[in-house]
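2 protein chains.
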Amino acid sequence: MAEAAATGSLAERLLAGDKRALARAISLVENRDPEGDRLVAELFPRTGEARIVGLTGPPGVGKSTLIGAICVELRQADREIGVLSIDPSSPFTQGAVLGDRIRLSDHFLDPGVFIRSMATRGSLGGLAEAALQAALLMDASGKDDILLETVGVGQGEIDVVDHADTVVLALMPGSGDSIQALKAGVMEIPDVIVVNKCEHPLADTMIREVKAVLALGPERTWRVPVVRTEATKGEGVSELVATIDAHRAHIIAAGTLAERRARNLRAEVLGIAAARLRRDLELRAQNDPEWAGLLERVVSREIDPATAARELLERTRGD
Amino acid sequence: MAEAAATGSLAERLLAGDKRALARAISLVENRDPEGDRLVAELFPRTGEARIVGLTGPPGVGKSTLIGAICVELRQADREIGVLSIDPSSPFTQGAVLGDRIRLSDHFLDPGVFIRSMATRGSLGGLAEAALQAALLMDASGKDDILLETVGVGQGEIDVVDHADTVVLALMPGSGDSIQALKAGVMEIPDVIVVNKCEHPLADTMIREVKAVLALGPERTWRVPVVRTEATKGEGVSELVATIDAHRAHIIAAGTLAERRARNLRAEVLGIAAARLRRDLELRAQNDPEWAGLLERVVSREIDPATAARELLERTRGD
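Heads up: the sequence lines are chains C and L, in that order.
Just so we're on the same page, my numbering is the position in the first sequence counted from 1, plus 4.
Just so we're on the same page, my numbering is the position in the second sequence counted from 1, plus 4.
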């Protein structure tokens, strides 16, 4: 009962915009505490008001610097901001990543900006689920804008950036692989492209390449704009924010915001369910004394992987 | 009975190295025909002899040209080769991809080279499973080397290239995003790196960058070699093949080949099982008359995605 009251008060404080309550709530979902799930379930009806912007792109293009610069811009309009940074875990020095964080930390003392970083510990599926829950908590706490920052590297079970209302892809001169991936269709076309570090001598070439790739694509009602920025100096950032605004106005006018959100929620439900099934499966395999034996028979080429998978599923279903 | 006899003969013809039998068998697994599963199960004890080399890298670096050049080299040593190319499906013109294929098709008339291309139709999970089964079929048919070509974009449920004995990452001057991804640790360090298009003026810069990134990594018994190639002219390809040979010799000497294969097979079994659970889940969701209603309640913010996922799992478990 005391615990229920404490939860109630955490929810209330979060709804009132208390930063510490929001931080604690996000820790609960990050640690997969069932209390976190309950909190999200309770607060979900109070979400849906925030604008969600996803910023993705290869490592090193200056995503965090861009987010910092966008925050400056949005704060001038007095908007409350939540930033959720989804970090890759590095087996190397995390220097580059930490370097980026420093700029973002200029905003650590601004009460209008709430910044949270979540690291990939192992399974991307679980992280994505926690990240989307954290975004919901930020939404419920009254943020006007939620900025999701992710490294653009393929799909986990749920791709966090796909849950944004507007997806911004950040590139820089030298992002040849990303251009090729867009061209080959292995990377989805975002809503807005920003070419950062635009004072680089090869920036014009990069912008021409981006535009050439976009010109190959099918005609759509929204023509993907290409914005140039030099985020360290704040150059081009007003235009970027105006472009994000324009995209939102477009999808609201076209009636596709609701449609996009419905599609994203559907994918989220299926993604969460699939991720849980997978975690369950791995746990059961670990705890199943016959799993090691089953695997041994695969390694000795006695039974093939698909047959072993079927046996594993039959065994875990029987539980 | 007649069908069983036909299957028996398909397996026999495949084991005897008949190309048409191999092609038909791969079509069965590609189309998810249960006959394909039975065939793989039957032939699995006859696999494990082939060397499996995975070649990955961003689109446009010339992976297919490299594979073509590697084939020339391996054919001189009279080795039988299977090539499995895993294509991304492009919403744009598939020009680049088709252009690559043309060079590979120089080998279409060589009876010692069997080339098969599989396209991503929707779920990467299902494709990966079929691709790994196809590799097993090539192995059973007596190929000495199986070359797996994939675009290096993140993980599906199973990452095909991870199932190779030796993983080669292909880069080119301009592969800045991949270098950054290696540096940030969001892309795994391969066994061999090849920098193709090495006549490009920025090739030396790229090679320096690659070496600098590798120098940041932890000490390992295998120092990742960086090989320069100009695949269109066959330059550096002998050295690349020699390096792949050296890696294999190293893992055999170190005793890690068996270990690596056991780990890969374990991941494959779990990956196949998880992919099947997910397909099952999506199918059941589609066929469940209450799924639309459940989703509607999420969209109207009545219940949150995690709760809906739990309800969906409970419903499908009850069946």
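Yeah, the Cβ is synthetic: ideal placement off N, Cα and C, and Gly gets one too.
Could you pull the DSSP bridge partners for residue i from this structure?
i: E153/L; result: L59/L, S89/L
i: E16/C; result: In the DSSP output, where bridge partners are listed per residue, E16/C has none listed.
i: E133/L; result: Beta-bridge pairing links E133/L to no other residue.
i: E239/C; result: E234/C
In chain order, what residues of the same chain have a beta carbon less than 8 Å from the beta carbon of residue i, not counting five sequence neighbours either side?
i: A168/L; result: I56, V57, G58, L152
i: L70/L; result: L59, A174, V198, N200, T233, A235, V241, L244
i: P309/C; result: V302
i: L140/C; result: V44, L47, F48, T51
i: L299/C; result: A312
i: T320/L; result: D284, L285, R288, A289, D292
i: I183/L; result: L175, M210, E213, V214, V217
i: L261/L; result: D169, R252, I255
i: R36/L; result: G130, A134
i: I106/L; result: Low local confidence applies: a pLDDT of 44 at I106/L is under 50, so the model's placement there is unreliable, with the coordinate-based value given in what follows. None.
i: G99/C; result: Note that G99/C scores 35 on pLDDT, short of 50, meaning its location in the model is unreliable and no value can be drawn from it.
i: V33/C; result: G40, D41, L43, V44, A134, Q137, A138, L141
i: R264/L; result: D169, I255
Counting contacts by CB-CB distance shorter than 9 Å, is residue i in contact with chain L?
i: M142/C; result: no
i: D37/C; result: no
i: M176/C; result: yes
i: R270/C; result: yes
i: S94/C; result: Below a pLDDT of 50, predicted positions are generally treated as unreliable, and S94/C, at 42, falls in that range; the measurement from the model is reported next regardless. Yes, because at least one Cβ of chain L sits closer than 9 Å to the Cβ of S94/C.
i: I307/C; result: yes
i: V171/C; result: no
i: R282/C; result: yes
i: K187/C; result: yes
i: I197/C; result: no
i: T51/C; result: yes
Does any CB atom of chain C fall closer than 9 Å to the CB of residue i?
i: Q98/L; result: Interpretation of Q98/L is limited by its pLDDT of 39, a score under 50 that renders its predicted location unreliable; the figure taken from the coordinates is listed afterwards. With 9 Å as the cut-off, Q98/L counts as an interface residue toward chain C.
i: R224/L; result: no
i: R227/L; result: no
i: D181/L; result: yes
i: A313/L; result: yes
i: I106/L; result: For I106/L, the predicted model reports a pLDDT of 44, less than 50, meaning its position is unreliable and no value from the coordinates is stated.
i: D292/L; result: no
i: K215/L; result: no
i: G285/L; result: In the sequence as displayed, the identity of residue 285/L is Leu instead of Gly. It does: the Cβ of L285/L has a partner Cβ on chain C nearer than 9 Å.
i: T260/L; result: no
i: R265/L; result: yes
i: I255/L; result: no
i: A139/L; result: no
i: Q184/L; result: yes
So residue i is in the beta strand (DSSP E); what residue range does that whole segment cover?
i: I119/C; result: 117 to 123
i: A174/C; result: 170 to 175
i: R232/C; result: 230 to 232
i: I197/L; result: 196 to 199
So residue i and residue j are in contact, right, with Cβ under 8 Å, and what is the actual spacing, rounded?
i: M210/C; j: L175/C; result: 7 Å
i: L19/C; j: A29/C; result: Contact doesn't hold; Cβ gap of about 11 Å is too wide.
i: V44/C; j: Q137/C; result: 5 Å
i: L316/L; j: A219/C; result: Actually they are not in contact, since the Cβ atoms of L316/L and A219/C sit about 42 Å apart, beyond 8 Å.
i: G180/C; j: G180/L; result: 6 Å
i: R120/L; j: V87/L; result: 7 Å
i: R17/L; j: A25/L; result: 4 Å
i: A185/C; j: P63/L; result: 6 Å
Spatial neighbours of residue i within its chain, please: C-beta separation below 7 Å, excluding the five flanking residues on both sides.
i: A258/L; result: T225
i: G354/C; result: Past the edges of chain C, shown from 5 to 323, lies residue 354/C, and the structure says nothing about it.
If you follow the alpha helix (DSSP H) that residue i is in, where does it begin and where does it stop?
i: I183/L; result: 180 to 188
i: T260/L; result: 260 to 291
i: E77/C; result: 67 to 80
i: K23/C; result: 23 to 34
i: G41/C; result: Here residue 41/C turns out to be Asp, not Gly, going by the sequence shown. Counting along the chain, the alpha helix (DSSP H) containing D41/C begins and ends at 38 to 47.
i: D208/C; result: 207 to 220
Tell me which same chain residues have a C-beta within less than 6 Å of the C-beta of residue i, skipping the five on either side of it?
i: T247/C; result: V196, P229, V231
i: K67/C; result: L59, G61, E153, A174
i: E203/L; result: E234
i: A54/C; result: D143, K147, I150
i: L206/L; result: P177
i: W295/C; result: A289
i: R79/C; result: G116
i: R42/L; result: none
i: R83/L; result: D148, D149
i: A73/L; result: A235, G238, V241
Can you tell me whether residue i sits near the ligand SAM, meaning its C-beta is under 8 Å from at least one heavy atom of the ligand?
i: L298/C; result: Because no ligand of any kind appears in the structure shown, any question about the ligand SAM cannot be addressed here.
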